[in-house]
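Structure, rendered in C-alpha cells:
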C-alpha cells in the first residue's frame with residue numbers, strides 16, 4: 161500500500177507547486193483538481209486498509225468528486241466573470257477586493 | 067509468466083475491439099448507403115464488386131492513401147489528438163458489451179455506468195478537433211457538440227437508472243438474466259423512448275446533428291480534416307452508433323436472450339434492427355435548430371425522464387411489496 | 002392485494018399531475034389564450050380582439066373535468082374491489098418501509114378494513130358526484146384546469162388520509178388535505194375575501210394541527226413507533242403514565258377540532274364558503290371536515306383508555322352542536338346557513354364520540370356526507386342559476402327549478418331527522434345512545450335538533466316557495482332562471498336517492514346490516530335507545546318544520562331595506578312577484594329580540610372576540626418587535642459591530658495585497674506547519 | 004510482480020507525468036488535456052484499488068464533465084490566445100514549499116508501518132450503495148444541496164446583464 165501513498169504524496173506536491181507558481185486562473189484550477197485527486201487516491205487506498213466493507217473512504221472519494229464538480233462549476237463561472245471584466249484570466253491582474 | 071499472459075490478453079482484447087470497430091464501420095457505411103438509397107428511391111452503389119459490396123473497401127483504400135492536410139494555423143498537438151480521442155472511447159465501449167453469455171471482454175461490476183461514462187470522453191476529442199482547426203465552422207461545431215452532449219447525457223442517464231433500479235445490478239451480464247422472461251422494453255417503454263432519442267443526440271445523428279450540420283457549418287468539427295484522420299471520425303461515429311444500439315439491445319431488448327438460435331445471433335440480430343431504426347430516422351426526419359435542440363433536452367426530456375423515474379420508483383415500490 | 006391500495010390515492014394524484022403539467026406546458030409554449038394555467042377562450046379575449054384561443058387550451062379545459070371525474074371514479078372502483086376482497090376475508094393492507102435515514106425507519110402503511118372501506122365509499126362516491134357537478138358548475142371559469150387539478154389533489158389526499166395505517170402517512174395526508182382546502186377556498190384569489198378566508202382557514206386549522214403534531218411527537222417518544230397497532234397496544238396496555246394517557250388523546254383531538262370545526266376553532270368554516278360551491282360540498286361538508294371525526298374514530302383505542310378525555314370531547318361536541326344550530330337560524334346567506342349546519346352536525350358526531358359510541362358517530366358521518374353534499378350542491382345549483390346566494394334576493398324558485406327543489410327537500414328532511422331519510426337513522430342512533438347516561442348531552446342535542454329542523458325548513462320555504470323574487474341575474478340578462486344542466490342535476494338526483502336509501506342500510510331495527518357487514522364494533526352502550534327518545538326527536542323535528550312553515554311559508558312577505566313591504570314590478574299575467582327584501586318573520590324576530598338576535602346573528606361575536614383578543618395583540622406585539630426591538634436594538638447591535646469591524650479593518654487591510662498567489666502561499670505555509678505538528682504528534 | 008503491479012506502475016507514471024506537464028506547460032489547452040489524461044490514469048489506479056465504482060464515476064464526472072467544462076470555459080474566455088502564456092511565474096517559493104510538503108508526506112509514509120491489505124472484496128458496488136444511502140445518507144443529501152447551490156451560483160455569476 162505504501163507505493164500508492166507515495167504516489168499520492170507526489171501528486172499532491174505537484175498540485176501545490178502548480179497552484180503556487182502559475183498565474184493563470186485556469187491552470188490554477190487544473191492544479192487544484194490534481195490536489196483533490198491525490199487526496200481521493202489516499203482515501204480510496206485507506207478504504208482498502210481499514211474496514212473495507214464500510215466503504216467510508218470510497219464514499220468520501222465519491223463525495224470529493226461531487227464537490228469537485230461544483231467547485232469547478234463555480235470556479236469556471238468566476239473565471240468567466242473575471243475574463244469579462246479584465247479581458248484576461250491572469251490572477252495577478254485581479255487585485256481589487258471591491259468589484 | 068501469468069503477468070505477461072494477463073497483460074497480453076488485455077492487449078489482444080484491445081486489438082480485437084479495434085478490429086471489430088473497423089469491420090463494423092466498413093459494413094455500416096455500405097448499409098447506410100443502401101438504406102438511404104432505398105428510402106430516397108435510389109439504388110445506391112452497385113458497380114464496385116458484386117452488388118456494390120466492395121464499395122466501402124475502395125473508399126477505405128482511397129482515404130488511407132490521401133494526403134493528410136493540416137491547416138497552417140492549426141494547433142499541431144490538438145489537431146492530432148482530436149480524432150484519436152474521438153475514436154478511442156467508441157472502441158472502449160465494446161469492453162462491457164455481452165454478445166453472448168460468455169462472449170464479453172470484461173463483465174465489470176459497474177458495466178452500465180462504465181458504458182455511460184466512457185462515451186463522455188468523445189466530447190473532449192470533438193472539442194479539441196473543433197478548436198484546433200482554427201476555423202469558425204469547426205469551432206462552432208465543437209462547442210455545439212459539447213453543449214448537446216452534456217444536455218442529453220442527463221435524461222439518458224436517468225432513463226438508464228430506471229433499468230438499473232429494476233435489475234438491481236450494474237453488471238451488464240446480470241441484465242441478461244434479469245430480462246429472462248420479459249425484456250424491459252415491455253416494462254419500461256418510456257425509458258426506452260427517452261434512451262433512443264437521447265442516444266441519437268449523443269452520437270450526433272439526424273435529427274440531432276447540428277454539430278456537423280452541413281447546411282450551416284459545412285461539416286462542423288471535421289471540416290478541416292481529410293484522409294486518415296477524417297476516417298477516424300467516421301470510425302468513431304459508426305463505432306459509437308453500434309455500441310449504442312448494442313446497449314439498447316442489452317438494456318431493453320433482452321440482449322442475447324431468445325429461443326433456438328445461439329445468443330450471439332440473437333444479439334447481433336436485435337442490435338442490427340436498432341441500427342436500422344437509427345438509419346431510418348436519419349433519412350426520414352429533418353434537423354432540429356440549435357435552440358430547439360436545447361429546449362427539447364431541458365424542457366421535454368429532462369422533466370419527462372424525471373417523472374418517469376419517480377413513477378417507476380413508486381410502481382416498483384408498490385409492486386415489490 | 003395491499004399494493005392495490007396505493008392505486009386508490011394515486012389515480013387522482015396522477016390526474017392532478019397531468020393537469021398541472023398540461024397547463025404549465027400550454028403556458029410555457031405561449032398558447033394564445035392560455036393566460037393563467039389556462040384561460041377562458043371566449044370571454045377573456047373578447048370578440049373584438051381578433052385572436053382565437055388556442056384549440057389545445059380549449060381542449061384541455063374541456064378534458065380537465067372529465068379526466069378528473071374518471072380519476073376519482075377509478076379510485077372508487079378500486080376501493081370497492083378492495084372492500085369486496087376485505088369482506089371476502091382477505092387482509093387488505095400494505096406495510097413497507099418508506100425510507101430509512103440512519104437509524105430512523107419511516108414506515109408507509111395503508112390498510113383497508115370496515116371503517117376505512119366506509120370512508121373510501123363516502124369520499125370516493127361524493128367526490129365522483131362533486132367532480133361531475135363541477136363540470137357544469139365551473140364551466141367557463143378562467144382557471145378551470147387549475148381547479149380540477151386542485152380538486153383531484155384533494156381527493157387523492159383525502160383517500161390517502163382514510164387509508165393511512167400509521168401516523169406518518171396520516172399526518173402527511175392531513176397536511177395535504179389542509180393545503181388543497183386552502184387552495185380551493187382561495188380559488189377566486191383575486192377576491193380579497195376569498196384570499197383572506199383561505200388564509201384564515203389555513204391558520205385556524207393549523208392551531209389544531211400543532212396539537213396533533215405534538216401528540217404524534219409524544220407518541221414517538223412514548224412508543225418508538227407510529228404504526229397504529231403498536232400505538233393502540235401501548236394505549237390499552239398497562240403501566241402507562243397517567244398524565245400522558247389523557248394528554249395524548251386531547252392533543253390528537255386538537256387536530257380534530259381544527260379540521261372538524263369544533264368550538265372554538267370553528268370560525269374558519271363559515272368564511273370558507275368563499276370557495277366555489279362544489280368545493281364547499283365536498284370539502285367543507287362531506288369529507289374533509291369529517292376527517293377530524295374519522296381521526297378520533299380511527300384512533301379510538303387511545304381515547305377509550307382515557308375517560309377524562311372523552312368527557313372533554315363530549316362537551317365540546319355538544320356545545321358546538323347547540324351553538325351552531327342557533328346561529329344557523331339567523332344567517333341570510335344560503336351557504337352560511339349550511340356551513341353552520343355542518344358545524345352543528347359535526348358537533349353531533351363529536352358528542353357521540355365523547356359518549357363512547359364511535360360506531361354511531363361514524364354512521365352519522367356516513368349519512369351526513371350524502372345529505373349535506375346534496376344540500377350544498379342544491380345550493381350550488383340555485384346560485385349557478387340565479388347568480389345570487391342571499392335569501393333576500395331569492396324566492397319561489399321551486400316552479401323554475403323543480404328537480405333542484407325536490408332534491409333539496411329530500412336533503413332538508415334528512416337533516417331535520419324525519420324518517421325514512423338517512424339523517425333520521427343516524428341521529429336517532431346517537432340520541433338513543435345518549436339516553437343511557439348522558440342526560441345533559443341529550444338535552445342539548447335535542448334542542449339543537451329542533452333548531453336544525455327550523456332553520457333548514459326556513460331556507461327551503463324562503464328560497465323555493467312563495468312568490469318569485471326578481472333576481473339580479475334575471476334583471477341583468479333578461480334570461481329567466483332555469484333548471485341546471487343534466488351534468489349538474491344528475492349528481493343531485495343520485496345524492497337524493499342515496500339520502501333516501503343509505504339510512505336503512507345501517508338502521509337499527511334491520512339489525513345494522515352496514516355495521517355488521519363491515520365489522521364495525523358497536524362500541525358500547527344501549528344501542529337503539531328507548532322508544533321515547535325517537536318519538537321526542539321526530540316530534541321536535543316536525544315541530545320545527547311546522548313553525549317554520551307558519552313563520553315563512555304562510556306569510557311569504559318581504560321587507561325591503563327601507564322597512565316597507567317590497568313590491569314587485571311583475572308584468573301582467575305572470576305569477577305574482579316581489580322585489581328583493583328580508584323575509585318578514587326575520588325582521589320581526591330581530592325587532593322583538595333585539596340584542597339577543599344580533600348576538601346570535603354574529604355567531605356570538607366569537608370572530609370579533611378572537612380578532613380583538615388574539616389577532617390584534619399578536620399583530621401588535623409583532624409590530625412592536627419589528628419597530629422597536631428590531632429596528633433599534635438588533636440593527637443597532639449589527640451596525641455597531643459593522644462599525645467596529647470597519648475601524649479595525651482600516652488597520653489590518655495593509656496585509657491584503659489582493660494577489661491570489663500570496664494568499665495561496667500563506668495557506669500552503671499553514672498546511673505545512675499543521676502537517677508537521679500532526680506528524681510529530683503521531684510519532 | 005503481478006499484472007496489477009505492472010499496471011499500477013504504468014498508471015502511476017502516466018499520472019505523475021501528466022500532472023507535471025499540466026502544471027508546467029505554457030499552453031492552456033495542453034494543460035487541460037494533460038489533466039484529462041491524468042484523471043484517466045488516476046481512474047485506472049482506483050480500479051486497481053478495488054474501487055471500480057469510484058473509477059467509473061471519476062471518468063463520468065471528471066473527464067466527461069469537468070474537463071469538458073474547462074475546455075468550454077477556455078474556449079469562451081481566451082479563444083484568441085493561442086500563443087503560449089508569457090510572463091514570469093514565481094517558481095522559487097512555490098518549488099520550495101512543494102518540495103518540503105511532498106518530501107514530508109513521503110517521509111512520513113515510508114516511516115509508517117501499515118497493516119496488511121485484506122483480500123479483495125467480491126464487489127464494491129452493493130457495499131458502496133448501502134453506505135451512501137445508509138449511514139452516510141445525510142452527507143449524501145447535503146452534497147445534493149451543495150451541487151444545487153453551485154449551479155445557482157454559477158448561473159448567477161455568468162448571467163449577462165442584458166438578460
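Protein chains in written order, with my numbering: chain A, 161 to 259; chain B, 67 to 387; chain C, 2 to 684; chain D, 4 to 166. Here a beta-carbon is modelled for each residue, glycine too, at the ideal position from N, C-alpha and C.
Beta carbon of residue i nearer than 8 angstroms to that of residue j
i                     : j                     : result
residue 368 (chain B) : residue 221 (chain B) : yes
residue 349 (chain C) : residue 322 (chain C) : yes
residue 157 (chain C) : residue 14 (chain C)  : yes
residue 175 (chain A) : residue 192 (chain A) : yes
residue 208 (chain B) : residue 195 (chain B) : yes
residue 197 (chain A) : residue 171 (chain A) : yes
residue 496 (chain C) : residue 407 (chain C) : no
residue 127 (chain C) : residue 287 (chain C) : yes
Extent of the continuous alpha helix (DSSP H) run through residue i
i                     : result
residue 348 (chain B) : 329-348
residue 367 (chain B) : No alpha helix (DSSP H) contains residue 367 (chain B), which DSSP labels as neither H nor E.
residue 121 (chain B) : 121-131
residue 641 (chain C) : 636-653
residue 271 (chain C) : 269-272
residue 490 (chain C) : 487-506
residue 606 (chain C) : That residue, residue 606 (chain C), is in no alpha helix (DSSP H); it is neither H nor E in DSSP.
residue 284 (chain C) : Per DSSP, residue 284 (chain C) belongs to no alpha helix (DSSP H) and is neither H nor E.
Residue burial classification, residue i (beta-carbon count within 10 angstroms, cutoff 16)
i                     : result
residue 547 (chain C) : exposed
residue 224 (chain A) : buried
residue 260 (chain B) : buried
residue 357 (chain B) : exposed
residue 128 (chain B) : exposed
residue 614 (chain C) : exposed
residue 184 (chain A) : buried
Residue i: contacting residues in chain E (beta-carbon distance under 9 angstroms)
i                     : result
residue 109 (chain C) : Among the protein chains in the structure shown, which are A, B, C and D, there is no chain E.
Closest Cα partner of residue i within the set the options
i                     : options                       : result
residue 186 (chain B) : B:110, B:250, B:330 and B:269 : B:269
residue 194 (chain C) : C:500, C:71, C:236 and C:272  : C:272
residue 539 (chain C) : C:368, C:249, C:430 and C:152 : C:430
residue 277 (chain C) : C:299, C:137 and C:681        : C:137
residue 371 (chain C) : C:190, C:423 and C:152        : C:423
residue 440 (chain C) : C:641, C:74 and C:356         : C:356
residue 354 (chain C) : C:616, C:264 and C:294        : C:294
residue 332 (chain B) : B:252, B:166 and B:148        : B:166
residue 399 (chain C) : C:257, C:554 and C:652        : C:554
Element boundaries [beta strand (DSSP E), containing residue i]
i                     : result
residue 248 (chain A) : Taken as a continuous stretch (DSSP letters only), residue 248 (chain A) belongs to no beta strand (DSSP E), as it is neither H nor E.
residue 112 (chain C) : 105-113
Distance between residue j and residue i (C-alpha atoms, nearest Å)
i                     : j                     : result
residue 393 (chain C) : residue 584 (chain C) : 7 angstroms
residue 175 (chain B) : residue 222 (chain A) : 17 angstroms
residue 228 (chain C) : residue 167 (chain C) : 4 angstroms
residue 163 (chain C) : residue 532 (chain C) : 35 angstroms
residue 364 (chain C) : residue 92 (chain C)  : 23 angstroms
residue 23 (chain C)  : residue 17 (chain C)  : 10 angstroms
residue 82 (chain C)  : residue 72 (chain C)  : 15 angstroms
residue 202 (chain C) : residue 292 (chain C) : 15 angstroms
residue 160 (chain C) : residue 3 (chain C)   : 15 angstroms
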